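Chemist: Pasting in a structure now, in structure tokens, and then I'll have a few things to ask.
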Amino acid sequence: MKSMMNKAMLTTLVGLALSGSAVSLAADVQDTVYDFGEAITTASRMAEKKIDVPADTTVITAETIEKGNYSKVSDALKANNVPVVQKGFAAYPELNGDTRVLVMVNGRRMNWDHLVVSGASNAVNIDQIPMENVERIEVVKGPNSALYGERAVAGVINIITKEPEEGNKTTVRAEYGTWKARKASLITQGGDTNDRYMITYSKERQNNYNYKDANGNTHEFPNSYINRDMVTARYDHNYSDDRLSVDFSRSEKKDGYGISLKNPLAGISNYPTGKHHVIDASYGVTYTFGALTEGEGTFVRAYRNTEKTDSGYGNSPYSHDLAYDVVDGQKTWKLGNHTVVAGSSYSKEHIQEANAGVSFDKKAIVKSLFVEDKWDLGSGWALNYGTRFEDHDTFGGDWASHVGLNKKISDGTHVYLSWGQAVNNPTLKMLYANTKYWKGNPDLKQEKSHTTTLGIDSQVNDKLSVSASVYDSRLKNAQSWVNGYEVKGTDDYVPGYYINANREKRRGLNLSARYKIDDSWGVRAGYRYSKIEQDTGNGFSNWEDNREPNTYSFEVSYDKNRWSVSSLVQYVTGRSEKRYTDTSYVTWDMNVNYRLNEATKFYVKGFNLTNESYEIVPSATLGAYAMPERHFVIGMEHSF
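Here it is in structure tokens:
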């Protein structure tokens, strides 16, 4: 019955939109400029338009971010059709149905070699990055190990931070919402032509949220409160042609461990006394040659990421001390009709952990070299090809390569075909963990994959733009978790561990279209299809945990004078009845933005306005990962 109602609601909304009663469009995506370094990311080596890139790409622009009033990076991604898994205190992106995504900030790797949340050991909590400091977000789907090294299996998300502006400016923002959600932030910046600085600070608090169970009853999700503080600082010095940048960021979270429910129908948490205290910090210095005249293509850089965690629940504390040190650089050459980029990096990751009297202390050192060539073949044809050699002190040397063929049919249309390899090393915890509930498996092998993508982007006319891509990915030695269990009649526990489960196939389709009705109204529609199969030794079978086998999205927006309004409906269907409380759900989010003047704006945001009860990921207990029910946020921003 619920599924039928959802479908009826979606049909009604789509019908209203197609009849022209309400509709919106963002900026012309064909003219979006990509400052992707290391060939498509690093903030960056060369500016390229979407039409010149042989890949399935998305850019969330500064204008979109300004009008969207996003409080977190995960909000910005979800609002722009990039799936995000939300597990209590952690949010991590998913591309082409896969969470093996490399996340970078200005080209610097942010993925940690440890467990973020159960079942996603290669994921990164993307909300540790303060939204106040984000200029734009660049998303590239498909394997990118040839450019960025291991971890980039499903794709790359590069978050580009704001550069300090000349002159003095301070911006303050305040928000208040459901469950006593409140957030305050400040950005101050200044300087002259040669020296500039920027400092940001934000404080966020929220009480436990409410959710709806499968019977439609409302409960409080115990221990799901939020307590976060974030600060960043950056200083730039411009020489005659070059730039020196020094930056720092720190985020501290003291969130509740409300990650899953033991009994969703009664509002009982699995971890009623759990805590999650994490301090992340990053320090970096970058010298860019020719930054003021040639872009960001040649640089040397050193950075250090650290994380200290004192978390856990009951008799299972979870503490560690991490450090990740990197020195890297790249050089760009323009050689006739070739643009060549080459670079190298050295990294060392160190993890120290002490849990329940059991500890381990491990390191991993990785050295790599890469080269990429973009070859203009003429008549609208271009060929990108590159390779990377990466030497890991545990797994030895690996090559990863990619090739992309791009055909520009017209100024608004291109077709591309790409093929790429990816490598994903087992994490240090997968290999060496030594706790009551988790034992490392030093015999784990690397995951290795290859993916083929075929796509087209077209600005059909001044009003209509369309995009389509299909992909096929094959992965071997897939890493899979084996659950631990209690020994009946005793206090003993047989710990869980990771194994190589064999093979995995992922196939899918991404479609989107934008239509501009007039100068104020437009519409965006999209469809994602994802089919995932796993072979654990008895042949391939459908993966029942698939979160979004079919996703339909429809957005209406209005932008005129001082008003900017967007309304996004998403319909997910095809989920397994064995793993989810319902096979489908519909969500509706809205954002209303009113600019009083050049310096001041007010906004209201509404989430899950359909008040759906659904879970974002499956569990042995159906409904354990329940999402928040309908909620709102009001806010204001002022600059002076």
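Numbering-wise, the sequence shown is residues 36 to 675 according to our numbering. Glycine is no exception: its CB is placed at the ideal position from the N, C-alpha and C atoms. All values derive from a computational prediction rather than experimental measurement.
#1: Tell me the residue span of the alpha helix (DSSP H) that contains THR99.
#2: With a threshold of 8 Å, are at least 3 pairs of Cβ atoms found where one atom belongs to the region 217 to 230 and the other to the region 120 to 128?
#3: In whole angstroms, give me the CA-to-CA distance for ASP446 and ASN496.
#4: Could you give the DSSP three-state label for ASP87: helix, strand or coil?
#5: Can you tell me whether LEU510 is helix, strand or coil according to DSSP?
#6: In three-state DSSP terms, what is VAL117?
#7: Along the chain, where does the beta strand (DSSP E) containing LYS566 start, and where does it finish?
#8: Out of GLY184, LYS595, ALA111, GLY291, state which residue places its alpha-carbon closest to the alpha-carbon of TYR260.
#9: From this set, TYR105, THR96, GLN241, which residue's C-alpha is nearest VAL174's C-alpha?
#10: Can you tell me whether GLY432 is buried or exposed? The criterion is at least 16 other CB atoms within 10 Å of its CB, across all chains shown.
#11: Work out the CA separation of PHE324 and ALA377 for me, nearest whole Å.
#12: What does DSSP give as the partner residue(s) for GLN365 in the beta ladder?
#13: If I measure Cβ to Cβ from ARG542 and keep anything under 6 Å in the same chain, skipping five residues before and after, which residues do I get?
#14: Which class does SER611 belong to by DSSP, given the choice of helix, strand or coil?
#15: Mind pulling the alpha helix (DSSP H) runs of 4 or more residues that sit fully within the region 178 to 204?
#16: Do VAL522 and ILE491 have their C-beta atoms closer together than 9 Å?
#17: Quick check: ARG208 and LYS218, are their CB atoms within less than 9 Å of each other?
#18: With three or more C-beta pairs closer than 8 Å as the rule, is the region 576 to 588 touching the region 554 to 568?
#19: For MET465, report the span of its alpha helix (DSSP H) as first-last.
#20: Helix, strand or coil: which one does DSSP assign to SER56?
#21: In terms of residues, what are the limits of the beta strand (DSSP E) holding ARG268?
#22: Quick check: the Cα distance between SER601 and SER394, rounded to an integer number of angstroms?
#23: Could you give the DSSP three-state label for VAL652: helix, strand or coil?
#24: Considering only residues of the region 469 to 505, which uninterrupted beta strand (DSSP E) runs meet the minimum length of 3 residues and lie entirely inside it, listed in chain order?
#25: State yes or no: is the C-beta of GLU185 within less than 9 Å of the C-beta of ASN460?
#26: Given a threshold of 16 other Cβ atoms within 10 Å of its Cβ, counted over all protein chains shown, does PHE675 qualify as buried or as exposed?
#27: Is THR622 helix, strand or coil when you go by DSSP?
#28: Assuming ASN441 contacts LYS480 under a Cβ cut-off of 8 Å, what Cβ separation, rounded to an integer in Å, is found between them?
#29: Give the secondary structure of LEU300 by DSSP, where H, G and I count as helix, E and B as strand, and everything else as coil.
#30: Compute the distance between the beta-carbons of TYR312 and THR341, then report whether it is under 9 Å.
#31: Output the boundary residues of the beta strand (DSSP E) element that contains GLY309.
#32: Suppose you measure from the CA of ILE651 to the CA of LYS107; what does that come to, to the nearest Å?
#33: Closest by CA to LYS498, which one among ASN104, GLN456, ASP553, GLU568?
#34: I need the boundaries of the beta strand (DSSP E) containing MET139, first residue and last residue.
#35: Taking VAL136 as the reference, which of LYS113, ASN160, ASN116, TYR274 has the closest Cα?
#36: Is the beta carbon of TRP434 less than 9 Å from the beta carbon of GLN456?
Modeler: Answer, in terms of the structure:
#1: Taking the first residue of the sequence shown as 1, we reach residue 99 at position 64. From DSSP, the alpha helix (DSSP H) with THR99 extends over 97 to 103.
#2: no
#3: As a working mapping, residue 446 is identified with position 411 in the sequence shown. As a working mapping, residue 496 is identified with position 461 in the sequence shown. Taking the straight line from one Cα to the other gives about 11 Å.
#4: Here residue 87 refers to the residue found at position 52 of the sequence shown. Residue state, collapsed to three classes: helix.
#5: Here residue 510 refers to the residue found at position 475 when the sequence shown is read from its first residue. Residue state, collapsed to three classes: strand.
#6: Here residue 117 refers to the residue found at position 82 when the sequence shown is read from its first residue. DSSP places VAL117 in coil when its eight states are reduced to three.
#7: Within the sequence shown, the letter at position 531 stands for residue 566. That run of the beta strand (DSSP E) goes 556 to 570.
#8: Start at 1 with the first residue of the sequence shown, and residue 260 comes out as number 225. Residue GLY291 is the option with its Cα nearest to TYR260.
#9: Counted from its first residue, the sequence shown places residue 174 at position 139. Nearest of TYR105, THR96, GLN241 to VAL174, Cα basis: THR96.
#10: For the purposes of this step, residue 432 is taken as the residue at position 397 of the sequence shown. When all chains shown are included, GLY432 counts as exposed.
#11: Numbered from 1 along the sequence shown, position 342 holds the residue referred to as residue 377. Numbered from 1 along the sequence shown, position 289 holds the residue referred to as residue 324. When rounded, the distance between both Cα atoms is 15 Å.
#12: Within the sequence shown, numbered from 1, the residue matching residue 365 stands at position 330. According to DSSP, which records beta bridges pairwise, GLN365 is partnered with PHE334, GLY378.
#13: The sequence position of residue 542 within the sequence shown is 507, counting from 1. The answer, listed in chain order, is ASP507, LYS566.
#14: Taking the first residue of the sequence shown as 1, we reach residue 611 at position 576. Note: SER611 maps to coil in three-state DSSP.
#15: As far as the region 178 to 204 is concerned, its whole alpha helix (DSSP H) runs of at least 4 residues are 180 to 183.
#16: Taking the sequence shown and counting its residues from 1, the one referred to as residue 522 is at position 487. Taking the sequence shown and counting its residues from 1, the one referred to as residue 491 is at position 456. The answer is no: Cβ separation not under 9 Å.
#17: Translated into the one-based positions of the sequence shown, residue 208 becomes position 173. Translated into the one-based positions of the sequence shown, residue 218 becomes position 183. Result yes, Cβ atoms of ARG208 and LYS218 sit closer than 9 Å.
#18: yes
#19: Stepping through the sequence shown from its first residue, residue 465 is reached at position 430. 463 to 467 is the span of the alpha helix (DSSP H), which, as asked, contains MET465.
#20: Along the sequence shown, read from residue 1 onward, the residue named residue 56 stands at position 21. In this prediction, SER56 scores a pLDDT of 32, lower than 50, which makes its location untrustworthy; the coordinate-derived value is nonetheless stated afterwards. Looking at SER56 - three-state DSSP - the assignment turns out to be coil, as it is neither helix nor strand.
#21: Here residue 268 refers to the residue found at position 233 when the sequence shown is read from its first residue. According to the sequence provided, residue 268 is Ala. The question's Arg does not apply to it. It spans 261 to 273 - the beta strand (DSSP E) in which ALA268 sits, taken as one unbroken run.
#22: Indexing the sequence shown from 1 puts residue 601 at position 566. Indexing the sequence shown from 1 puts residue 394 at position 359. Per the coordinates, the alpha-carbon of SER601 lies some 50 Å from the alpha-carbon of SER394.
#23: What you label residue 652 is simply residue 617 of the sequence shown in a count that begins at 1. Coil at VAL652, not helix or strand.
#24: The region 469 to 505 contains, as complete beta strand (DSSP E) runs of 3+ residues, the segments 482 to 494 (chain order).
#25: What you label residue 185 is simply residue 150 of the sequence shown in a count that begins at 1. What you label residue 460 is simply residue 425 of the sequence shown in a count that begins at 1. Going by C-beta atoms, GLU185 is nearer than 9 Å to ASN460.
#26: In the sequence shown, the residue the question calls residue 675 occupies position 640. Exposed: under 16 other Cβ atoms inside 10 Å.
#27: What you label residue 622 is simply residue 587 of the sequence shown in a count that begins at 1. Strand at THR622.
#28: For this step, residue 441 is matched to residue 406 along the sequence shown. For this step, residue 480 is matched to residue 445 along the sequence shown. Not confirmed; about 34 Å, so no contact.
#29: Walking along the sequence shown from the start, residue 300 turns up at place 265. Of the three classes helix, strand and coil, the one that applies to LEU300 here is coil, per DSSP.
#30: Here residue 312 refers to the residue found at position 277 of the sequence shown. Here residue 341 refers to the residue found at position 306 of the sequence shown. A small correction: the amino acid at residue 312 is His; Tyr does not occupy that position in the sequence shown. No.
#31: On the sequence shown, position 274 is the one that residue 309 refers to. Counting along the chain, GLY309 falls outside any beta strand (DSSP E), and DSSP gives it neither H nor E.
#32: Here residue 651 refers to the residue found at position 616 when the sequence shown is read from its first residue. Here residue 107 refers to the residue found at position 72 when the sequence shown is read from its first residue. The straight-line gap from Cα to Cα measures roughly 18 Å.
#33: If you number the sequence shown from 1, residue 498 lands on position 463. The alpha carbon of LYS498 has as its nearest neighbour, out of ASN104, GLN456, ASP553, GLU568, the alpha carbon of ASP553.
#34: Counting from 1 along the sequence shown, the entry for residue 139 is found at position 104. Segment 136 to 140, the beta strand (DSSP E) holding MET139.
#35: Reading the sequence shown from its first residue, position 101 is the one you call residue 136. Of the listed residues, the one whose Cα sits closest to VAL136 is ASN160.
#36: Within the sequence shown, numbered from 1, the residue matching residue 434 stands at position 399. Within the sequence shown, numbered from 1, the residue matching residue 456 stands at position 421. In contact: TRP434 and GLN456 (Cβ atoms closer than 9 Å).
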